[in-house]
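See below for the structure under consideration.
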Amino acid sequence: MCASEQSPIPILYEDNHLLGIVKPVNVLSQEDASGDPDLLTLLKQDLKERYQKPGNVYLGLVHRLDRPVGGAMIFAKTSKAASRLSEAVRSRSFSKTYLAVVHGSPAASAGRLEDTLLKDERTNTVRVVPKGTPGGKHAILDYRVLGQLTNGLSLIQVELLTGRSHQIRVQLSHLGCPLYGDQKYGAKLNKPGQQLALWSAYVGFPHPITKEPVALVSIPPDEFPWNHWPRSRYDQAGRSF
């Protein structure tokens, strides 16, 4: 299922209906007002060149990753696949698991966080608000601590059960464990220029046409702060997805 090595973006899975890739950090998922290069446009151009397609290339954005987040991401190559994957997201048969490096560690080594989140569109920030707040959205995630260091950093595995804007960053910060490098929700503990330590490690769903299970797995790069832990720790986490 792996495609040509000529693609500039690492490909995890590809067939006539789907394209699964490793999103580079600090690249937009789709075009915005900044005019900066975005993944959707880059992939369309790559498909056009690799397959020598005339005219416009269809590629459907099924889910998004924040600009500083890297890792596994799936796109639909047909409108039928896009529609069915969107339905899988709505019905929660679309699984997303992340790895994060945080400051501190939760009191419990594993648990579920449920909060109401409210987004301020003007500032593009999200905060936890009381249940019943107008405009607030229910947010749920499960977490598991995979490792702790004496320098106060912890490695956490997060399974998203809802897909709210900045959800992982906001809920873990509200718990008292902001992500390493997060300037929006952990500015007191992070320094400008640090890379946000959040990685899309697993995306799983039924194939929109064959219904067979599809699993995309991507481990973080071997660089700071991820390299505080041995690669075997990430391989072990990957086998648990």
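FYI, the numbering for the sequence shown is 1 to 241, going by our numbering.
Even glycine gets a Cβ: it sits at the ideal position worked out from N, Cα and C.
Since this is a predicted model, take the numbers as computed values, not measurements.
Beta-bridge annotation (DSSP): Glu212 is not paired with any residue.
Pairwise C-beta distances place the region 73-81 out of contact with the region 99-108, as fewer than three of them are shorter than 8 Å. The beta carbon of Asn151 lies closer than 7 Å to none in the same chain, with the five residues before and after it left out.
An exposed status is given to Tyr51, since fewer than 16 other beta-carbon atoms sit within 10 Å of its beta-carbon. For Gln171, the enclosing alpha helix (DSSP H) starts and ends at 167-174. When C-beta atoms of the region 168-187 are compared with those of the region 119-132, three or more pairs fall below 8 Å, so the two segments count as touching. Bridge partners of His103 according to DSSP: Leu153. When Ala88, Pro37, Val158 are compared, the shortest CA-CA separation from Gly238 is found for Val158. In this model, Val170 and Pro178 are separated by some 8 Å (Cα to Cα).
DSSP, reduced to helix, strand and coil, places Leu39 within a helical segment of the structure shown. Looking at the DSSP output, Phe75 sits in a beta bridge with Leu19, Leu61. Per DSSP, Arg231 lies in no beta strand (DSSP E) segment; the continuous alpha helix (DSSP H) that holds it begins and ends at 231-239. Rounded to the nearest whole angstrom, the CA to CA distance from Leu196 to Tyr180 is 6 Å. With fewer than 16 other CB atoms across the displayed protein chains lying within 10 angstroms of its CB, Pro54 is exposed. DSSP places Leu28 in the strand class (E or B) of the three-state scheme. In the DSSP annotation of this structure, the continuous segment of the beta strand (DSSP E) that includes Lys137 starts and ends at 137-148. Distance from the CA atom of Trp229 to the CA atom of Val145, rounded to whole angstroms, is 13 Å. Non-local beta-carbon contacts of Gly111 in its own chain, meaning distances under 8 Å to residues more than five positions away in sequence, involve Asp142, Tyr143 in chain order.
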